[in-house]
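As they're listed, the protein sequences go chains A and B.
For the first sequence, numbering that gives the first Met the number 0 assigns the number 0 to the initial residue and increments by one for each residue that follows.
For the second sequence, numbering that gives the first Met the number 0 assigns the number 0 to the initial residue and increments by one for each residue that follows.
Using N, Cα and C, we set each Cβ at its ideal position, and we do this for glycine too.
Since the structure comes first, as structure tokens, the remarks are kept for the end.
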Amino acid sequence: MLFPHLKSATVRITPVRTGDGPRAYDLLLHAGVGAPPTLDAFLAQFGRGGKAQFIAETADGDPVAFVSLRDRDTAARRVHLDLHLDVAHAGTGAGAEIAMLGVNYAFAMWDLKKVCYEATSAEFDALGLTGEQAKLFCEEALLRDHVYQQGRFWDLHVHSVDRDTWERTGITLSSFPEQEKR
Amino acid sequence: MRIFPHLQSRRIRLRPAGARDSIKLYELLLGLGLNTLPSPDDFVSAFGRGVTASFLVETPGGDFLGFCSLHGMSPAGHHVEGGIYMSPENSANGVGAEASLLMINYAFAMWNVRKVYFQTTEASLSAIGGDLKVSHKEGILSGHQYFSGQHWDVHVFAIYREEWDQFCAHAVERLVRDRPRAPAARHAPA
């Protein structure tokens with residue numbers, strides 16, 4: 000059984016409401032990746048399109064990341080995880096906990112086969128996943144020079160976490176509350 | 000290198016497709032069984048979203064053969080994705096590959112893109128023509144699509160401008176050299 004955890008050892012994720020749009024946009028800007036739309040265009044779409052979106056915060060309430068589970072395909076049984084991490088928290092391990100919460104939430108909520116996660120090497124490294132956690136993210140494709148950000152082109156790594164791997168080893172590598180892991 | 004956005008070859012022409020053509024695409028996809036489709040009304044209302052260019056693929060005489068589109072344009076990443084939708088019988092004998100060549104040529108001619116992506120599953124992998132063998136397979140997305148009662152791997156290919164210039168541009172010029180002298184296809188009257 001998978002429980003849809005909303006908190007780990009040091010972070011919690013909270014589903015967004017309409018009024019959270021400006022905070023989410025601020026996190027997009029602080030992630031420093033891609034080219035965000037204008038604020039008005041972002042707010043017009045915020046919370047729409049059947050996405051599950053969260054703001055991740057520390058226990059003190061400091062915003063850490065904006066997280067989306069988007070493009071859920073019920074036939075192919077997959078979803079895409081977007082994780083925009085404030086660069087101030089890069090490499091601290093907070094990103095890893097948020098990624099684990101996001102993947103777990105997806106598998107707990109929906110009958111999915113895999114969760115896809117696309118990132119440059121810099122974004123992936125910024126999560127601060129441990130070696131064993133990183134192995135959960137299987138690289139399926141490498142799109143050469145796919146994204147332009149921070150003044151240069153970057154390869155885009157397309158990863159996926161499959162349900163069997165998650166249920167077998169992912170959950171034990173997480174820092175969710177012990178009493179709820181069972 | 001100068002690349003002209005050709006819309007017609009000896010065997011086919013590309014005619015700009017509009018919203019009124021969307022139901023024809025829906026019926027084509029339904030018949031091919033290669034996609035999970037929404038209701039026709041939802042499909043029609045979403046038609047054109049995220050699409051940079053879409054064309055009907057026709058014979059020079061105007062008989063319908065299929066569709067192709069360029070979508071997912073990234074102005075920052077300088078890439079776009081192409082898609083071609085034709086039945087096996089209509090794409091046989093290299094006709095599908097010919098349409099693909101014109102579509103990719105159009106992308107490199109029209110926009111400052113560095114690469115053009117296209118995705119396919121095993122179900123239609125064999126339809127890729129010899130002229131597109133310069134493409135690079137950049138990944139296989141495991142079990143990424145579901146149709147016809149099973150999961151299918153999605154193969155992601157990319158064609159780079161440098162290689163297009165070097166190996167494919169001449170193939171397009173060869174294709175269009177012997178085209179009929181009829182006027183180029185234009186938007187059909189409303």
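By the neighbour-count criterion, in which 16 or more other beta carbons inside 10 Å mark a residue as buried, A64/A falls on the buried side. Selection Y145/B, D62/B, W110/B evaluated against F3/B yields W110/B as nearest (Cα-Cα). Around the CB of L64/B, 16 or more other CB atoms lie within 10 Å, so the residue is classed as buried. Secondary structure of D163/A (DSSP, three-state): helix. Secondary structure note for S21/B: its alpha helix (DSSP H) is the uninterrupted segment 21-31. Bridge partners of Y84/B according to DSSP: F66/B. Against chain B, the beta carbon of S159/A has neighbours under 8 angstroms at L140, S141, listed in chain order.
When beta bridges are read from the DSSP output, A34/A appears opposite no residue. Boundaries of the alpha helix (DSSP H) harbouring L174/B: 168-176, taken from the DSSP string. By DSSP's assignment, A52/B forms a beta bridge with L69/B. Chain order gives the chain A residues near A75/B as G33, A34, V146, Y147, Q148, where near means a beta carbon separation below 8 angstroms. Straight across, the Cα-Cα distance linking L68/A with I11/B is about 42 angstroms. Under a criterion of Cβ atoms nearer than 7 angstroms, the residues of chain A adjacent to E137/B are, in order, A140, L141, L142, R143. Using a Cβ-Cβ distance cut-off of 8 angstroms, the region 37-51 of chain A and the region 88-95 of chain A are not in contact, since fewer than three pairs of beta carbons, one from each stretch, lie closer than that value. Taking CB atoms only, K112/A has a neighbour in chain B less than 8 angstroms away. Approximately 20 angstroms separates the beta-carbon atoms of L111/A and G138/B; this is outside 8 angstroms, ruling out the contact. If you compare the alpha carbons of A16/B, V133/B, D152/B, G142/B with that of A168/B, the shortest gap goes to V133/B. For E137/B, there is no enclosing alpha helix (DSSP H); the residue is part of the beta strand (DSSP E) that begins and ends at 135-146. DSSP places P39/B inside the alpha helix (DSSP H), whose first and last residues are 39-45. A Cβ-Cβ separation of about 11 angstroms leaves E139/A out of contact with V160/A under the 8 angstroms criterion. The contact set of A75/A on chain B, defined by CB atoms closer than 8 angstroms, consists of T35, G142, H143, Q144, Y145, H150 in chain order. Taking the Cα positions, L29/B is about 7 angstroms away from L36/B. Under the three-state reduction of DSSP output, E122/A falls in the helix class.
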